[in-house]
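**Q** I'd like to ask some things about the structure below.
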Amino acid sequence: MPMPTKWDLTLPVLELSSDGQNHPVREMIPVLADRFNLSQEEREQRLKSGERRFNNRTRWAAWVLARAKLLKKTGTATFQITDEGRKILKTKPEKLDVKYLYAHTDYKKEVEKWTRKDAEVESEEETEQTPEEIIEIAHNNHNDLLAAEILDTIMSCSPQFFEQLVVDVLLAMKYGGSRDDAGEALGRSGDGGVDGIIKEDMLGLDSIYIQAKRWANTVGSDVVRNFVGALELKKAKKGIIITTSEFSKSAKDYVKAIEKKIALIDGAQLANYMIQYNVGVDDVATYSVKRLKPEYFEE
């Protein structure tokens, strides 16, 4: 079954708390994971913040119930059912989603009290994701659009500029030695399928052979085979093929089947590396996501 949303978890969290005892969220998590038959892989899924996705959703489900006054906070990430919570359980609701909580509890009033006046409260609260997940999704969507814009811009640039772009990306990724070394390595005509050689590190203890082209069509296994053949003649072990298009399945399968270490970087990956390593892009805004620091409140 799919990973339960925070709204799938609200009722189970309240039911777990029905005994009136204090329940730390960390103790609820394995019980609920078993209840939803989550695999080990699903339990280990993580957000970019490093927090496990299921843990994050369980924590938010408990916090939603606290805002609805069905649970009360009795300690750090620890909750206890309220009289109102017991009353709700007696009605045997099928699901404690946002519509139910708005209709039967003080949840909407609490949300409005703690939400900025210019925020769209209802639409935001109706989402199945937690706030951290919403931020992550929005960030990923923005980067997808930015990557597409980067790729379109690359295709309108000259082949000489593309060579320089590749140098900048490799240097940002800590390959290529010095800028002069990397620039000389790629600023030469192709040699049997090889466009250049870069140092793997500043000392030049190993070399990586490069083929970088602004191909428009899908790159097939024949191109990769020719490149590998060129490496064989040079007794080279490592290579990178960079394209603005994409690689065929046969090309990817071929690389997996051979001994040589060949990295295939397609247009989408290249654009994403440029975003990740700040090549050709600027930071325009930073949103710092804070988390409670429990040890600060220890007396």
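Sequential numbering from 133 applies to the sequence shown in our numbering. Where a beta carbon is used, it is the ideal one built from N, C-alpha and C, also for glycine.
1) Out of E364, A389 and K370, which has the shortest C-alpha to C-alpha gap to S353?
2) State the Cα-Cα distance for the pair L203 and K381, rounded to the nearest angstrom.
3) Touching or not, the region 287-296 and the region 403-415, by the rule of three or more beta carbon pairs under 8 Å?
4) Could you have a look at R357 and say whether DSSP puts it in helix, strand or coil?
5) Looking only at its own chain, which residues have a Cβ that is under 7 Å from the Cβ of P144, when we skip the five neighbours before and after it?
6) Please name the residue, chosen from E183, T208 and F379, that lies closest to W195 on a Cα-to-Cα basis.
7) Assign S339 to one of three DSSP states: helix, strand, or coil.
8) For V416, write down the residues that DSSP places opposite it in a beta bridge.
9) If we call anything under 7 Å between Cβ atoms a contact, is T137 one with E264?
10) Consult DSSP for A251 and reduce its assignment to one of helix, strand or coil.
11) Can you look up R351 in the DSSP assignment and give me helix, strand or coil?
12) Tell whether a beta-carbon distance below 7 Å holds between F186 and R175.
13) Within the continuous beta strand (DSSP E) that includes Q79, where are the two ends?
14) Could you check the C-alpha separation between A344 and V387 for me, to the nearest Å?
15) Quick one: Cα of P225 to Cα of S150, how far?
16) Under three-state DSSP, which class holds P144?
17) Using alpha carbons as the reference points, say which of N154, E173, S288 and I213 lies closest to T142.
18) Alpha carbon to alpha carbon, how far is R189 from T418? Give it in angstroms, no decimals.
19) Assuming M287 contacts Y405 (C-beta within less than 8 Å), just tell me the rounded distance between them.
20) Looking at C-beta atoms only, is the number of pairs between the region 267-277 and the region 224-239 that lie closer than 8 Å three or more?
**A** Based on what the coordinates show:
1) On the sequence shown, residue 353 is found 221 positions in, with the first residue counted as 1. Nearest C-alpha to S353: A389.
2) Against the sequence shown, residue 203 aligns to sequence position 71. Against the sequence shown, residue 381 aligns to sequence position 249. Approximately 53 Å, taken between the alpha carbons.
3) no
4) The sequence position of residue 357 within the sequence shown is 225, counting from 1. DSSP places R357 in helix when its eight states are reduced to three.
5) Mapped onto the sequence shown, residue 144 falls at position 12. Same-chain partners within the cutoff: L164 and R167.
6) In the sequence shown, the residue the question calls residue 195 occupies position 63. With distances taken between Cα atoms, W195 lies closest to T208.
7) Counting from one through the sequence shown, the residue named residue 339 turns up at place 207. Three-state result, S339: strand.
8) Numbered from 1 along the sequence shown, position 284 holds the residue referred to as residue 416. For V416, which the question treats as bridged, DSSP gives no partner whatsoever.
9) In the sequence shown, counting from the first residue as 1, residue 137 sits at position 5. In the sequence shown, counting from the first residue as 1, residue 264 sits at position 132. Cβ atoms of T137 and E264: not closer than 7 Å.
10) Position 119 of the sequence shown, counted from the first residue, corresponds to residue 251. With a pLDDT of 49 at A251, under the threshold of 50, the modelled position of this residue cannot be trusted; read the value that follows with caution. If DSSP states are grouped into helix, strand and coil, A251 belongs with coil.
11) Here residue 351 refers to the residue found at position 219 of the sequence shown. Position check: residue 351 holds Val in this sequence, whereas Arg was assumed. Three-state DSSP puts V351 in a strand.
12) Position 54 of the sequence shown, counting from 1, holds the residue named residue 186. Position 43 of the sequence shown, counting from 1, holds the residue named residue 175. Yes, these two residues count as a Cβ contact at 7 Å.
13) This structure does not reach residue 79, given that the chain is present from 133 up to 431, and the question cannot be answered.
14) In the sequence shown, counting from the first residue as 1, residue 344 sits at position 212. In the sequence shown, counting from the first residue as 1, residue 387 sits at position 255. Approximately 17 Å between the Cα atoms of the pair.
15) Residue numbering aside, residue 225 sits at position 93 when the sequence shown is read from its first letter. Residue numbering aside, residue 150 sits at position 18 when the sequence shown is read from its first letter. Spanning the two alpha carbons is a distance of roughly 14 Å.
16) Within the sequence shown, the letter at position 12 stands for residue 144. It is helical.
17) Here residue 142 refers to the residue found at position 10 of the sequence shown. If we check each option's Cα against that of T142, I213 comes out closest.
18) The residue you call residue 418 lines up with position 286 of the sequence shown. The residue you call residue 189 lines up with position 57 of the sequence shown. So the two alpha carbons sit approximately 24 Å from each other.
19) Working through the sequence shown from its first residue, we reach residue 287 at position 155. Working through the sequence shown from its first residue, we reach residue 405 at position 273. Going by Cβ atoms, the distance from M287 to Y405 rounds to 17 Å, so no, they are not a contact pair.
20) no
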